[in-house]
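Trainee: Pasting a structure below so you can have a look.
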């Protein structure tokens with residue numbers, strides 16, 4: 001993120017931008033003195049960032065360079081929801097005015113050698129978002145290589161009125177078409193991911209009582225059996241965080257009762273949970289030792305660490321593997337290594353930790369195209385993508401348009417910039433680093449969000465032989481041990 005010495009420079013450049021759009025306040029600042037100047041600049045930073053987001057369409061910054069709609073790559077609203085919740089954890093830290101002590105867990109992973117690995121079997125869990133409206137134009141089930149991933153999670157089944165949303169024939173047909181991939185790869189596992197709905201407290205309603213949990217479990221297991229699916233993945237974002245504090249306990253009870261029912265039936269259904277990366281959300285949402293007893297594994301969403309937010313308008317990496325050298329306190333926890341280490345330190349066995357890897361990135365609009373490094377000040381989301389979320393093919397097109405690229409050695413991830421557009425993303429090199437981290441650390445595997453955001457049409461290489469290049473790279477690294 002930013003160091004103490006970088007923050008005044010960021011505020012200074014935002015002030016310069018204000019002058020460019022007609023807010024000439026230099027005379028007033030000189031007269032007011034140093035103390036008043038700092039206050040005014042801070043207020044202007046927040047105000048301009050907020051105004052830029054509200055008026056970005058009017059100023060033409062969000063005209064698409066390519067007519068690519070991110071709805072073809074997955075439910076953007078879901079990604080925005082998670083990003084906002086991750087951001088709320090950051091804002092809580094910024095508002096607290098308290099020091100933040102980083103627990104000493106990361107060195108255990110950084111210094112771990114391959115000799116310490118106790119497991120050589122890795123999962124490659126790939127999320128697949130259903131095509132928009134159930135019609136063409138998106139990634140179809142038949143276009144997925146059934147040998148690419150060990151597990152495919154279908155996203156999302158919805159909860160309405162305390163139970164699974166009624167599934168129409170089109171959606172049911174898509175479930176069956178994904179499940180049919182197992183005929184070409186019998187070892188493939190296909191799970192149904194259950195997310196919330198627009199109804200407030202949808203998961204909370206399901207988990208609140210024994211009766212509601214029992215009904216939910218009954219309906220869900222019936223649907224899994226009907227569609228010949230192999231398990232259930234929970235995407236509750238996130239129990240007890242900014243809501244009813246009892247939801248943490250209720251969620252654990254739901255997992256326990258589901259596991260008890262599966263044991264009673266001698267069922268081999270898989271149970272997994274998509275879980276948070278920021279420490280405050282982890283601490284609020286999960287009883288990790290109890291969860292470890294009832295789930296087969298957790299998919300840790302180690303992405304969305306940095307994105308545009310009005311209260312911290314700076315560039316940053318979506319999914320850094322390690323912290324940067326000058327990051328301290330809370331900001332030193334915003335990376336994959338720290339999150340994974342923390343989950344392990346809190347009681348989740350490493351073989352049950354599946355590390356999240358993104359095939360998408362985040363875009364930003366720079367304040368000053370001459371300041372294009374990490375922690376540079378920004379006005380808002382980038383031109384590309386949908387609310388800053390950008391797919392890998394869009395990144396490829398951007399780089400092909402002679403954007404400059406930089407690979408950050410500390411964080412092991414790249415970024416690209418051209419004019420005022422700045423993008424954090426992952427490429428084959430960064431994902432190879434992360435896959436090797438998973439393998440050498442002996443973790444349970446890698447999770448991909450998402451099949452739909454990778455280059456599933458070979459646009460980056462103009463070749464049918466190079467579909468899904470990012471996921472293929474992860475698979476090849478993990479396959480060096482065993483997949």
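Numbering (the UniProt record's numbering), first residue to last: 1 to 483. Think of the CB as a built atom: it goes at the ideal place given N, C-alpha and C, for glycine as much as any other residue. All figures in this text were calculated on a predicted structure; none of them were measured in a lab.
1. Using the Cβ count rule (16 or more neighbours within 10 Å means buried), how would you classify residue 263?
2. To which residues of the same chain is residue 309 closer than 6 Å at the C-beta, ignoring the five residues directly before and after it?
3. With 16 other CB atoms within 10 Å as the buried threshold, where does residue 170 fall?
4. I think residue 335 touches residue 320, with their Cβ atoms under 8 Å apart; what is that distance to the nearest whole Å?
5. Buried or exposed: residue 266, going by 16 or more other Cβ atoms within 10 Å of its Cβ?
6. Does DSSP put residue 209 in a helix, a strand or coil?
7. In three-state DSSP terms, what is residue 429?
8. Quick test of the definition: if touching needs 3 or more C-beta pairs under 8 Å, does the region 376-387 touch the region 414-432?
9. Starting from residue 156, trace the beta strand (DSSP E) in both directions and tell me its first and last residue.
10. According to DSSP, is residue 291 helix, strand or coil?
11. Any idea what DSSP makes of residue 421, helix, strand or coil?
12. Check whether the region 437-451 touches the region 396-407, taking contact to mean three or more Cβ pairs, one atom from each stretch, closer than 8 Å.
13. Please name the residue or residues paired with residue 235 in a DSSP beta bridge.
14. Going by alpha carbons, who is nearest to residue 313 out of 163, 184, 374, 192?
15. According to DSSP, simplified to helix, strand and coil, what is residue 258?
16. Quick test of the definition: if touching needs 3 or more C-beta pairs under 8 Å, does the region 213-223 touch the region 159-177?
17. Should residue 388 be labelled buried (16 or more other beta-carbon atoms within 10 Å of its own) or exposed?
18. Give me the Cβ distance between residue 331 and residue 318, rounded to the nearest whole Å; I'm assuming they're in contact under 8 Å.
19. For residue 285, does the count of other Cβ atoms within 10 angstroms reach 16, so buried, or fall short, so exposed?
20. Specify, as a first and last residue, the run of the alpha helix (DSSP H) that residue 382 falls within.
21. Taking 9 Å as the cut-off, decide whether the C-beta atoms of residue 231 and residue 296 are in contact.
22. Inspect the beta-carbon positions of residue 392 and residue 455 and report whether they are closer than 9 Å.
23. Closest to residue 239 by C-alpha separation, out of 124, 463, 372, 85, would be which residue?
24. Report yes if the C-beta distance between residue 507 and residue 236 is below 9 Å; otherwise report no.
25. For residue 414, does the three-state DSSP call read helix, strand or coil?
26. Expressed to the nearest angstrom, what Euclidean distance is found between the alpha-carbon atoms of residue 156 and residue 192?
Mentor: A quick look at the data gives this:
1. exposed
2. 87
3. exposed
4. 4 Å
5. exposed
6. coil
7. helix
8. yes
9. 151-157
10. helix
11. strand
12. no
13. 195
14. 374
15. helix
16. yes
17. buried
18. That belief does not hold up - the Cβ atoms of residue 331 and residue 318 are roughly 15 Å apart, past 8 Å.
19. buried
20. Segment: none, residue 382 is in no alpha helix (DSSP H) and carries neither H nor E.
21. yes
22. yes
23. 85
24. In the structure as shown, the chain starts at 1 and stops at 483, and residue 507 therefore has no counterpart that could be examined.
25. strand
26. 7 Å
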